[in-house]
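>
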Amino acid sequence: MMFESFRKYVYEDQAEIVIVGTGAGGATAARVLAAAGRDVLMLEEGPKLDNAERRRDAIGAMSSAMRMAGSQTTTGTMPIPVLQGVCVGGSTAINSGIIWRMPEDVRDEWMAEHGLDWLVDDAELNRIYEVIEDELEVESTQDEVRGGNALLMQKGAEALGLPGKPMQRNARRCQGKGECLQGCSGERRQSMDVSYVPRAIADGARLTTGCRVEKVWIEAGRAVGVMGSRIDLRTRKPVGRFRVRAEHVIVSAGVVHTPIILRKSGLRGLVGERFQSHPGTAIVGRFPEPVRMSFGATQGYEVPMRDRGFKLESLSLPPEMLGARLPGAGRAWQERVANLDHFAQWCSQVRMEAKGRVRGGPFGPLIFFEPTERDLAKVQEALTLICRMMFAAGAVEVYPGIDGVPEIIRDVSEVDALENTPWKRGQVHLVASHLFGTAVAGSDPSRSVVDAELQSHEVRGLYVMDASIFPTNMGVNPQHSIMAVVYRAAEALAAKAEARQAA
Amino acid sequence: MRLSWIERRWMHAIFEGFAPPADESSADDRVLTPRPGEVDYVGGFLEANEHASPIAKVGMRFACALVGTSPIWTGKAAKGIDRLSANERAELLDALSEHRLGLVRELTWLMKVQASMTLFGTKSIRARSGYDRNREGQTPVRLRLVGSKSKKQVA
Chain A
1 MMFESFRKYV
11 YEDQAEIVIV
21 GTGAGGATAA
31 RVLAAAGRDV
41 LMLEEGPKLD
51 NAERRRDAIG
61 AMSSAMRMAG
71 SQTTTGTMPI
81 PVLQGVCVGG
91 STAINSGIIW
101 RMPEDVRDEW
111 MAEHGLDWLV
121 DDAELNRIYE
131 VIEDELEVES
141 TQDEVRGGNA
151 LLMQKGAEAL
161 GLPGKPMQRN
171 ARRCQGKGEC
181 LQGCSGERRQ
191 SMDVSYVPRA
201 IADGARLTTG
211 CRVEKVWIEA
221 GRAVGVMGSR
231 IDLRTRKPVG
241 RFRVRAEHVI
251 VSAGVVHTPI
261 ILRKSGLRGL
271 VGERFQSHPG
281 TAIVGRFPEP
291 VRMSFGATQG
301 YEVPMRDRGF
311 KLESLSLPPE
321 MLGARLPGAG
331 RAWQERVANL
341 DHFAQWCSQV
351 RMEAKGRVRG
361 GPFGPLIFFE
371 PTERDLAKVQ
381 EALTLICRMM
391 FAAGAVEVYP
401 GIDGVPEIIR
411 DVSEVDALEN
421 TPWKRGQVHL
431 VASHLFGTAV
441 AGSDPSRSVV
451 DAELQSHEVR
461 GLYVMDASIF
471 PTNMGVNPQH
481 SIMAVVYRAA
491 EALAAKAEAR
501 QAA
Chain B
1 MRLSWIERRW
11 MHAIFEGFAP
21 PADESSADDR
31 VLTPRPGEVD
41 YVGGFLEANE
51 HASPIAKVGM
61 RFACALVGTS
71 PIWTGKAAKG
81 IDRLSANERA
91 ELLDALSEHR
101 LGLVRELTWL
111 MKVQASMTLF
121 GTKSIRARSG
131 YDRNREGQTP
141 VRLRLVGSKS
151 KKQVA
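Here the protein sequences line up with chains A and B, keeping their order.
All residue numbers for the first sequence refer to my numbering, where the first residue is 1 and numbers rise by one.
All residue numbers for the second sequence refer to my numbering, where the first residue is 1 and numbers rise by one.
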């Protein structure tokens, strides 16, 4: 700390409450606290992207909005790319806006095993869900914008008697442009950059971009601000140091970076532990009739199979990513990619039991995560089910994309072989975007990092408000649950700050 | 990220090998064939890797070296991949994607991902891929409500 006073700061500021990150957690906290009249400053490492101006090509979209351009991976025998947004809105600016309330069994476990009764109080969460769903314009994906990819998935699910349904998304009046990943140019998807961040600003909050927070400033056991590096938004290189003083610090930097900030600040215990995820992968099928993945909601239909430990989703991707999933090289590949409108792609999200850990490393975060054998069995079950759905929907070729099995399957009978041979570690290319844990909440300080109000057990005035606080994963898309528990904790903080000011 | 002269040659040769180019006179409508020079593969690679993780950058360089020298270590020819004809490169890449060593298959796939990213990121190629075929006219006019009671008006 003594060396800090010798450093020259290119940016210094102060606020009553400083919030690190503007994703689902940080933006929701800002929305609640600013509406309550608190003096809020949001710090965001990445840029504010103009959705109408965002690049539509995959390289441009990933380079500008994703951490490490989407190349961040876990460490282990099967590296898993971990996708996170690094821009105003965080990962809500690159996701499909899928909305799920927290499942009852998850809520029950959080209360029984982690003492989080106050945080997930049924009546309070329901009140908050309704507010968020109203403000973020949540609705079921309408038929006219579901698109061929999702409609075919529905056909496959119905043929097999699976419990599918159109997705609930925060994208009322979606135009089906299929560009959730690249930024909704019509701004129908209510990601945080077009909803809660501007709303908080309208209520008096401030936003500073290009601030990579590295540690929490702690004095006498209390958080009094944050400090870090000012970033050139074009090169992403540091250009100087900054610090912000505040009475309350909220860290909402995401499941990977929140624990790194906390550990650099001297917090230990379970910080960085119990990393969990819903990794998944996708299967592509070729259909005789045009599918037209380019039109329709990026994700519009889902088959929740929580009892089996996974969820299946339609997933339309840009041609750059679709092309890479098609087998062959040379003429065989060129024939396939000349008809990219004939392919459908559906993915799985697997609720894995594996627990990992996050640590800072010399070249970036280290995410240690190793799926268990049972996790891999769930992946296999999910993917073979997708293959069956593809054929049930009329596919003429299915490309499993599983290393060591045939590249092309032309008959449903071949799926049996796929199902009956156990897959080995490393055969499947997984991707993870739903992340949980690393600063878990709980009533017992020996088993958690923050309490039920999401305040650190160790450092007063320090709060964690993002999916890091989740003591378990959920088996459904987490954005709505993140927002709901943060909303609840932010309301409590607003009341506390009010009382502190009055005193 | 700076590439050496040989890395540039190998990268271009590898990426181009997945979809060998052809002159308009020899183009076949049934396949997607880039015209010579139509796709800036190396430029696309450099852009994609500008903000990539250090480990990913090392991985791509290693993949480039492995696939670039593959004619030699597969016993196909005593020269780098850049000295093979386009069709020879395509055959070799197809074989590498089914190689008995998982590392070779994985790194070849990594190269294919990069090739696909640059190829379809090129507007003229995307237009010929059929991806956006018949898209025009499908987007419904669905106007947003203005002044919904639940929406706070913001600047």
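For every residue, glycine included, the Cβ atom is placed at its ideal position computed from N, Cα and C.
Just so it is clear, the structure is predicted and the values come from calculations on it, not from any experiment.
Only counting the same chain, and skipping five residues up and downstream in sequence, which positions put a Cβ closer than 7 Å to that of T73(A)?
P79, I80, P81 and V82
> Counting only runs that start and end within the region 165-235 of chain A, where is the alpha helix (DSSP H) found for 4 or more residues in a row?
196-202
> Distance, Cα to Cα, R274(A) vs T438(A)?
Distance between the alpha carbons of R274(A) and T438(A) is about 5 Å.
> Looking at C-alpha atoms only, which residue of W10(B), K79(B) and G17(B) is the closest neighbour of L92(B)?
G17(B)
> Roughly how many whole angstroms lie between the Cα atoms of M68(A) and H248(A)?
Distance between the alpha carbons of M68(A) and H248(A): 30 Å.
> At least one CB of chain B closer than 7 Å to the CB of N339(A): is that the case?
Yes, because at least one Cβ of chain B sits closer than 7 Å to the Cβ of N339(A).
> DSSP on Q84(A), reduced to helix/strand/coil?
coil
> Within 10 angstroms of the Cβ of E137(A), are there 16 or more other Cβ atoms? Answer buried if so, exposed if not.
buried
> Does the beta carbon of G356(A) come closer than 7 Å to any beta carbon on chain B?
no
> May I have the straight-line CA-CA distance separating L366(A) from R359(A), to the nearest angstrom?
5 Å
> Taking just the CA atoms, how far does V86(A) sit from V396(A)?
39 Å
> Is A69(A) close to chain B, meaning its C-beta is less than 7 Å from at least one C-beta of that chain?
yes
> From the beta carbon of G121(B), is the nearest beta carbon of chain A less than 7 Å away?
yes
> Suppose you measure from the CA of V158(B) to the CA of R38(A); what does that come to, to the nearest Å?
The structure shown has nothing for residue 158(B), since chain B only spans 1 to 155.
> Using 7 Å as the limit for Cβ to Cβ distance, is S294(A) near chain B?
Judged by the 7 Å Cβ criterion, S294(A) is in contact with chain B.
> Along the chain, where does the alpha helix (DSSP H) containing S91(A) start, and where does it finish?
No alpha helix (DSSP H) holds S91(A); DSSP gives it neither H nor E.
> Can you have a look at P166(A) and say buried or exposed, based on whether 16 or more other CB atoms are within 10 angstroms of its CB?
buried
> So is S63(A) in contact with chain B if we call contact Cβ pairs under 7 Å?
Interface residue, yes.
> Under a three-way DSSP split, which group does V284(A) fall into?
DSSP, reduced to helix, strand and coil, places V284(A) within a strand of the structure shown.
> Whose C-beta lies closer than 7 Å to the C-beta of M483(A) among residues of the same chain, with five residues either side of it excluded?
A24, T28 and I132
> In whole angstroms, give me the CA-to-CA distance for P47(A) and A205(A).
In a straight line, the C-alpha of P47(A) is about 17 Å away from that of A205(A).
> Could you please tell me which residues of the region 53-69 of chain B, in chain order, have their CB closer than 7 Å to any CB of chain A?
S53, P54, I55 and A56
> Please check the pair S468(A) and L462(A), which I expect to be a contact at CB under 8 Å, by giving their CB distance rounded to whole angstroms.
Actually they are not in contact, since the Cβ atoms of S468(A) and L462(A) sit about 13 Å apart, beyond 8 Å.
> Could you pull the DSSP bridge partners for E313(A) from this structure?
E302(A) and C347(A)
> Note the first and the last residue of the continuous beta strand (DSSP E) segment covering P365(A).
Its beta strand (DSSP E) spans residues G364 to F368.
> How would you call K123(B), buried or exposed, if buried means at least 16 neighbouring beta carbons within 10 angstroms?
exposed
> Looking at the structure shown, is D341(A) part of a helix, part of a strand, or coil, going by DSSP?
Helix at D341(A).
> With which residues is Y463(A) paired in a DSSP beta bridge?
I250(A) and Q455(A)
> Identify every residue that forms a DSSP beta bridge with G361(A).
G364(A)
> Cβ of P238(A) less than 7 Å from any chain B Cβ?
no
> Of all Cβ atoms in chain B, is any one closer than 7 Å to the Cβ of P319(A)?
With its beta carbon less than 7 Å from one in chain B, P319(A) belongs to the interface.
> DSSP beta-bridge partners for I260(A)?
Note: I260(A) is not bridge-paired with any residue in the DSSP secondary-structure output.
> Within the continuous alpha helix (DSSP H) that includes S277(A), where are the two ends?
Run containing S277(A): none in the alpha helix (DSSP H); it sits in the beta strand (DSSP E), E273 to S277.
> Can you list the residues of chain A that Y41(B) reaches, using a CB-CB cut of under 7 Å?
Per Cβ cutoff of 7 Å: no residues; Y41(B) is ~12 Å from chain A at best.
> Near C347(A), what residues of its chain come up, given a Cβ to Cβ distance below 6 Å and the 5 sequence neighbours on each side ignored?
G280, A282, E313 and L315
> For the beta strand (DSSP E) that I19(A) lies in, which residues bound it at each end?
Y9 to V20
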